[in-house]
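J.:
Protein chains: 2
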Amino acid sequence: MSTEQQAVLKTNEAFYRAFSNNDIASMEELWSTQVDIAVIHPGWAPLRGRESVMSSWNQIMTGATSSPITCVNAKANILGDVALVICTEILEEIELIATNTFVLESGEWKIIHHQAGPLPQSNNIHEGDILH
Amino acid sequence: MSTEQQAVLKTNEAFYRAFSNNDIASMEELWSTQVDIAVIHPGWAPLRGRESVMSSWNQIMTGATSSPITCVNAKANILGDVALVICTEILEEIELIATNTFVLESGEWKIIHHQAGPLPQSNNIHEGDILH
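Protein chains in written order, with the working numbering: chain X, 1 to 132; chain V, 1 to 132.
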């Protein structure tokens with residue numbers, strides 16, 4: 001694994017640690033302030049722009065006593081100053097699959113996009129099912 | 001809208017045209033051959049690598065008489081040689097939200113990642129619901 005892959009996976013872990021600890025200050029720090037950001041929480045319409053994205057994290061994390069979420073099987077794909085991490089999120093007994101996108105800003109990886117959706121064991125929609 | 005945004009949205013449209021027409025040759029052409037690619041179809045585990053990704057498109061598109069899928073509200077975010085497009089997919093009466101990621105290769109935008117998941121009207125999982 002390259003140094004950059006290690007660095008981006010460390011930021012990815014910090015993201016899940018902030019999420020799990022309802023640490024809004026760290027979450028604010030982890031997301032880019034320099035480019036357009038967006039988030040697609042499972043079952044939400046996409047949110048674009050820092051204000052909407054941060055408001056959603058506040059809504060999800062404020063008042064929650066604990067948000068046990070862990071991230072496993074994280075794999076990083078580095079594309080110059082942009083990186084994609086695909087990982088599995090474990091929330092209590094539910095698994096989601098997520099893609100987190102990062103940009104390198106002043107030597108630090110910052111999150112610019114997060115999309116999470118259900119894995120096969122969940123009750124969900126399947127492009128293949130629909131199309132056959 | 002910038003020239004690059006227009007160019008990447010044109011490739012994004014070509015992706016949905018290939019999908020809708022079950023045009024496997026165009027789908028092969030649209031995805032990068034130079035970097036690691038991945039796909040997260042809704043309800044599938046993530047697939048990594050060109051062989052797995054293309055095999056999944058073959059599986060979804062082969063034998064289907066028609067795959068009416070349209071893409072609306074596409075917005076492109078250009079990050080140097082990488083671009084993210086968030087859009088709504090309309091499959092018959094179902095809506096999904098997708099993020100498509102592209103890289104610029106020899107002046108052409110090529111797809112490297114696609115993730116689609118259900119929108120709120122679908123029966124799905126919600127991080128906010130789980131955590132509150």
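In this text, a Cβ means the ideal position worked out from N, Cα and C, and glycines have one as well.
Across which residues does DSSP place V/His-114 in a beta bridge pair?
T.: Stepping through the second sequence from its first residue, residue 114 of chain V is reached at position 114. Note: V/His-114 sits in a beta bridge opposite V/Val-39, V/Asn-100.
J.: On the three-pair Cβ rule with 8 Å, is the segment 68–80 of chain V touching the segment 7–16 of chain V?
T.: The answer is yes - the segment 7–16 of chain V touches the segment 68–80 of chain V, with three or more Cβ pairs under 8 Å.
J.: List, in order along the chain, the chain V residues whose C-beta lies closer than 9 Å to that of X/Val-53?
T.: Counting from one through the first sequence, the residue named residue 53 of chain X turns up at place 53. The premise fails here: X/Val-53 is roughly 12 Å from chain V at the closest Cβ pair, so nothing lies under 9 Å.
J.: Give me the Cα-Cα distance between X/Pro-68 and V/Pro-42, rounded to the nearest whole angstrom.
T.: Walking along the first sequence from the start, residue 68 of chain X turns up at place 68. Walking along the second sequence from the start, residue 42 of chain V turns up at place 42. Taking the straight line from one Cα to the other gives about 24 Å.
J.: Taking just the CA atoms, how far does X/Glu-51 sit from X/Asn-58?
T.: Within the first sequence, numbered from 1, the residue matching residue 58 of chain X stands at position 58. Within the first sequence, numbered from 1, the residue matching residue 51 of chain X stands at position 51. Approximately 10 Å, taken between the alpha carbons.
J.: Does the ligand FAD have even one heavy atom less than 7 Å from the beta-carbon of V/Glu-93?
T.: With respect to the ligand FAD, the structure shown offers nothing to examine, as it has no ligands at all.
J.: Note down, in chain order, each residue of its chain lying with its Cβ closer than 7 Å to the Cβ of V/Tyr-16, except the 5 sequence neighbours on either side.
T.: Position 16 of the second sequence holds residue 16 of chain V. Around V/Tyr-16: Ile-69, Thr-70, Cys-71.
J.: Return the bridge partner residues of X/Glu-95 from the DSSP annotation.
T.: Taking the first sequence and counting its residues from 1, one reaches residue 95 of chain X at position 95. Paired residues: X/Ile-90.
J.: Pull up the CB-CB distance for V/Ser-26 and V/Ala-18, whole angstroms please, since I reckon it's below 8 Å.
T.: Your numbering for residue 26 of chain V matches position 26 in the second sequence. Your numbering for residue 18 of chain V matches position 18 in the second sequence. Correct: roughly 4 Å between the Cβ atoms.
J.: Quick one: which residues of the segment 79–102 of chain V get their C-beta closer than 8 Å to a C-beta of chain X? List them in chain order.
T.: Leu-79, Gly-80, Asp-81, Val-82, Leu-84, Ile-86, Leu-91, Glu-92, Ile-94, Leu-96, Ile-97, Thr-99, Thr-101
J.: Determine the DSSP secondary structure at V/Thr-11, reduced to helix, strand or coil.
T.: As a first step, residue 11 of chain V is located in the second sequence; it is residue number 11 there, counting from the start. Note: V/Thr-11 maps to helix in three-state DSSP.
J.: With a cut-off of 8 Å on the beta carbons, I'd call V/Leu-30 and V/Ile-111 a contact; round off their distance for me.
T.: Here residue 30 of chain V refers to the residue found at position 30 of the second sequence. Here residue 111 of chain V refers to the residue found at position 111 of the second sequence. With a Cβ gap of about 5 Å, V/Leu-30 and V/Ile-111 count as contacting.
J.: CB-CB under 7 Å to V/Trp-109, same chain, minus the five flanking residues each way: which ones, in chain order?
T.: Counted from its first residue, the second sequence places residue 109 of chain V at position 109. Ala-7, Val-8, Thr-11, Ala-83, Phe-102.
J.: Output yes or no for whether 8 Å exceeds the beta carbon distance between V/Gly-117 and V/Leu-91.
T.: Position 117 of the second sequence holds residue 117 of chain V. Position 91 of the second sequence holds residue 91 of chain V. Not a contact, by the Cβ cut-off of 8 Å.
J.: For the segment 22–46 of chain X, list every residue whose C-beta sits within 8 Å of some C-beta in chain V, in sequence order.
T.: So the close ones are Val-35, Asp-36, Ala-38, Ile-40, His-41, Pro-42, Gly-43, Trp-44, Ala-45, Pro-46.
J.: Using a Cβ cut-off of 8 Å (strictly closer), state whether V/Gly-49 contacts chain X.
T.: Your numbering for residue 49 of chain V matches position 49 in the second sequence. Cβ-Cβ to chain X under 8 Å: no for V/Gly-49.
J.: Taking just the CA atoms, how far does X/Asp-23 sit from V/Asp-36?
T.: The count along the second sequence starts at 1 and reaches residue 36 of chain V at position 36. The count along the first sequence starts at 1 and reaches residue 23 of chain X at position 23. Cα to Cα, V/Asp-36 sits roughly 33 Å from X/Asp-23.
J.: V/Ile-125 by DSSP, collapsed to three states: which one?
T.: The count along the second sequence starts at 1 and reaches residue 125 of chain V at position 125. Here the model assigns V/Ile-125 a pLDDT of 45, short of 50, so the residue's position is not dependable and the matter cannot be decided.
J.: Write down every uninterrupted run of the alpha helix (DSSP H) in the segment 49–84 of chain V whose length is 4 residues or greater and which is fully enclosed by it, in chain order.
T.: Counting only runs of at least 4 residues, the segment 49–84 of chain V fully encloses the following alpha helix (DSSP H) elements, listed from N- to C-terminal order: 50–61.
J.: Pick helix, strand or coil for V/Leu-30, following the three-state DSSP scheme.
T.: Position 30 of the second sequence, counting from 1, holds the residue named residue 30 of chain V. Three-state result, V/Leu-30: helix.
J.: Does any residue of chain X bring its CB to less than 8 Å from the CB of V/His-126?
T.: On the second sequence, residue 126 of chain V is found 126 positions in, with the first residue counted as 1. Bear in mind that a pLDDT of 47 at V/His-126, under 50, signals an unreliable position, so the model cannot answer this.
J.: Does any residue of chain B have a CB that is nearer than 8 Å to the CB of V/Asn-58?
T.: The structure shown has no chain B; the protein chains it does contain are X and V.
J.: Could you tell me the distance, in whole angstroms, from the CA atom of V/Ser-55 to the CA atom of X/Ser-106?
T.: Here residue 55 of chain V is taken as the residue at index 55 of the second sequence, counted from 1. Here residue 106 of chain X is taken as the residue at index 106 of the first sequence, counted from 1. One C-alpha to the other measures close to 39 Å.
J.: Does the Cβ-Cβ distance between V/Ala-98 and X/Leu-119 come in under 8 Å?
T.: Locating residue 98 of chain V in the second sequence gives position 98, counting from the first residue. Locating residue 119 of chain X in the first sequence gives position 119, counting from the first residue. Result no, Cβ atoms of V/Ala-98 and X/Leu-119 do not sit closer than 8 Å.
J.: For X/Gln-34, collect the residues of the same chain with a Cβ closer than 6 Å to its Cβ; drop the 5 residues on either side in sequence, then sort them by chain order.
T.: One-based indexing of the first sequence puts residue 34 of chain X at position 34. These residues qualify, in order along the chain: Glu-105.
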